[in-house]
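Sequential numbering of the sequence shown, starting at 481, is according to this note's numbering. Where a beta carbon is used, it is the ideal one built from N, C-alpha and C, also for glycine. What follows is a set of notes on a single structure, which appears directly below.
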Amino acid sequence: MILDCAKYSGPCSCGREHPLETKMVVVEYDALKNFDSYMDACGLTGRRTVLYDTNTYNLPGMVHVRADKEIVLEAKGLHSEKSLIEGIIPELDEPDVIITVGSGTLMDFARYNAFHMGIPFVAIPTLASSDGFTANVCSVVIDGHKRSIPMSAPALVVADLNIIAGAPMLLTVSGVADILSKHISLADWKIAHLVAGEYYCERVAGMAQQALDMMVSCAYSLLDGDEPDFEAMTMAQMISGLSMQMLGNSRAASGAEHLIAHLVEMKPPRFEGAHGIHGECVGVGSVICAGEYHRMARSKPRARPFEPLAESWIREKFGPLADGIIKENQDDVLAAFDPQNIVDNWDGIREIISYIPTAEEFAAVFKGLDGKYRLSDIGIDEALAGEVLDISAAIRNRLTFARMRRVLDLEE
Ligand SMILES: [Zn+2]
Ligand SMILES: [Zn+2]
Numbered sequence: 481m482i483l484d485c486a487k488y489s490g491p492c493s494c495g496r497e498h499p500l501e502t503k504m505v506v507v508e509y510d511a512l513k514n515f516d517s518y519m520d521a522c523g524l525t526g527r528r529t530v531l532y533d534t535n536t537y538n539l540p541g542m543v544h545v546r547a548d549k550e551i552v553l554e555a556k557g558l559h560s561e562k563s564l565i566e567g568i569i570p571e572l573d574e575p576d577v578i579i580t581v582g583s584g585t586l587m588d589f590a591r592y593n594a595f596h597m598g599i600p601f602v603a604i605p606t607l608a609s610s611d612g613f614t615a616n617v618c619s620v621v622i623d624g625h626k627r628s629i630p631m632s633a634p635a636l637v638v639a640d641l642n643i644i645a646g647a648p649m650l651l652t653v654s655g656v657a658d659i660l661s662k663h664i665s666l667a668d669w670k671i672a673h674l675v676a677g678e679y680y681c682e683r684v685a686g687m688a689q690q691a692l693d694m695m696v697s698c699a700y701s702l703l704d705g706d707e708p709d710f711e712a713m714t715m716a717q718m719i720s721g722l723s724m725q726m727l728g729n730s731r732a733a734s735g736a737e738h739l740i741a742h743l744v745e746m747k748p749p750r751f752e753g754a755h756g757i758h759g760e761c762v763g764v765g766s767v768i769c770a771g772e773y774h775r776m777a778r779s780k781p782r783a784r785p786f787e788p789l790a791e792s793w794i795r796e797k798f799g800p801l802a803d804g805i806i807k808e809n810q811d812d813v814l815a816a817f818d819p820q821n822i823v824d825n826w827d828g829i830r831e832i833i834s835y836i837p838t839a840e841e842f843a844a845v846f847k848g849l850d851g852k853y854r855l856s857d858i859g860i861d862e863a864l865a866g867e868v869l870d871i872s873a874a875i876r877n878r879l880t881f882a883r884m885r886r887v888l889d890l891e892e
């Protein structure tokens, strides 16, 4: 399947233009054999520097595309850290285009440097374990802190399904969970629009929904024992990533459930043993949010006046990370609207929540795919279940339904 991205950008009824740097997304078996023709179609000419790591260079079935310069980074210990990423600039040999062959980390090496050099980059993903490939944000460690910063998106993505289909199943399942989580993130966005008038776009939400619908059907056919539909699963990742690029942020694709994955990465006190790859943590987050959101929707709400998070609470829960969390919550999104709006729109909220699968349904899907679905599966003590959403919601100043509990009293 070849996606001409031009159809998604351009003037929209939401009032924005949704520019896309990505011109074309190719998701096909044997796609790399026709790589040069896709480059030509996108007008990507000139000197090519191609980036691999020692794993992706030696992958079975890898077709090494024509290169003016090849760089093969040592895979062991490779991670997205600014100093490491900038360290390869002298080796790049002044390319006109950077091509990167690999997953998230190698993507960051290309998108960061391409952005700073003002040149395009091309992504050849070797996995479909998350939806970051077509996004234009980059998670980089800067001075010890992980930060999401705006970066270039690939001008062209060529996903060769011969290679993607060879990835370990647990990475495929992680990719399924990352997309199924849109059940929660889309609900969070719609509720924020409803109660706080937050900007919302039907076209972008529609794309995230399209990715979600595709992945739901792939997940159920996997559960039925069918052959995995790698084409549809990979395309769902790409479409979700494009939704982030169109907004310039991850609003459609990342809600309260994604904050559980951030929690795992940050490892505040009592979460030191947390582990798991992105999609696995997001999947567990989705189970937890689904349970809580349905419980909330069943209750009778009463509005409570906004109060900022207490500094003592933040220090207790986040320990050495507290200063960053305090800063993040300075302009609390909860303070920007009347909590009574939530109560007044409760029927609308219930309607939105009614489309989210129950926690049991979510868990059954992940369990059926041998994926992670409990806190203990990602190294979090089940005894922390009652607090996990309060703590994770404080990580990011984004209006989620989970965060709204701070201005609500809920009666069973
Ligand atoms: Zn729009
Ligand atoms: Zn994700």
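| Item | Value |
| --- | --- |
| In chain order, each alpha helix (DSSP H) run of at least 4 residues that lies wholly inside the stretch 732-789 | 736-746, 758-778 |
| Any non-hydrogen atom of ligand 1 within 7 Å of C485 CB | no |
| Where S610 falls: helix, strand or coil (DSSP) | coil |
| Distance cut-off 7 Å: R878 Cβ against heavy atoms of ligand 1 | no |
| Option nearest Y509 by Cα separation, candidates V887, L572, E571, F710 | F710 |
| S734 beta carbon near ligand 2 (any heavy atom closer than 7 Å) | yes |
| Residue environment, K670, which counts as buried when at least 16 other CB atoms sit within 10 Å | buried |
| Proximity test, H498 beta-carbon vs ligand 1 heavy atom, cut-off 7 Å | yes |
| Close beta carbons around L727, own chain, < 6 Å, minus the five adjacent residues each side | V684 |
| Test item: CB-CB of V620 and D588 under 8 Å | yes |
| Exposed unless 16 or more other CB atoms sit within 10 angstroms - verdict on M713 | buried |
| Proximity to I757 [Cα-Cα], best of A843, A816, S610 | S610 |
| Residue(s) in a DSSP beta bridge with R627 | V620 |
| CB of A691 within 8 Å of CB of I659, strictly | yes |
| Three-pair Cβ contact test at 8 Å for the stretch 600-616 versus the stretch 718-726 | yes |
| E566 - containing alpha helix (DSSP H), residue span | 562-567 |
| First and last residue of the uninterrupted beta strand (DSSP E) at R528 | 528-533 |
| N- and C-terminal bounds of the alpha helix (DSSP H) containing L797 | Going by the sequence as given, residue 797 is Lys instead of Leu. Note, K797: alpha helix (DSSP H), 791-798. |
| Reduced DSSP secondary structure (H/G/I, E/B, other) of K487 | helix |
| Residue burial classification, T534 (beta-carbon count within 10 angstroms, cutoff 16) | exposed |
| Among I599, I860, L607, S560, nearest to I629 - alpha-carbon criterion | S560 |
| Bridge-paired residues (DSSP) for D640 | E508 |
| Contact check, V507 vs M481, beta carbons under 8 Å | yes |
| C-beta contact flag for L789 and A874 at 8 Å | yes |
| Where G677 falls, given that 16 or more other Cβ within 10 Å makes a residue buried | exposed |
| Assigned secondary structure, D850 (DSSP; H/G/I helix, E/B strand, else coil) | coil |
| 8 Å Cβ cutoff, A783 in contact with chain D | Looking for chain D here will not work: only one protein chain is present. |
| Beta-carbon contacts of H647 that lie in its chain and below 6 Å, excluding the five residues immediately before and after | In the sequence on display, residue 647 carries Ala and not His. Same-chain partners within the cutoff: L607. |
| Helix, strand or coil at G686 according to DSSP, with G and I counted as helix | helix |
| For V543, three-class secondary structure by DSSP | coil |
| Own chain partners of I604 with C-beta closer than 6 Å, once the 5 adjacent residues on each side are dropped | V581, V638 |
| Span separating the alpha-carbon of D668 from that of R527 | 44 Å |
| C-alpha distance - G828 paired with D484, whole-angstrom precision | 35 Å |
| Cα-Cα separation, T585 to L666 | 27 Å |
| For F601, the nearest candidate out of D576, G866, V868 (CA to CA) | D576 |
| Cβ-based neighbour list, T536, same chain, cut-off 6 Å, excluding 5 preceding and 5 following | V581, G582, T606 |
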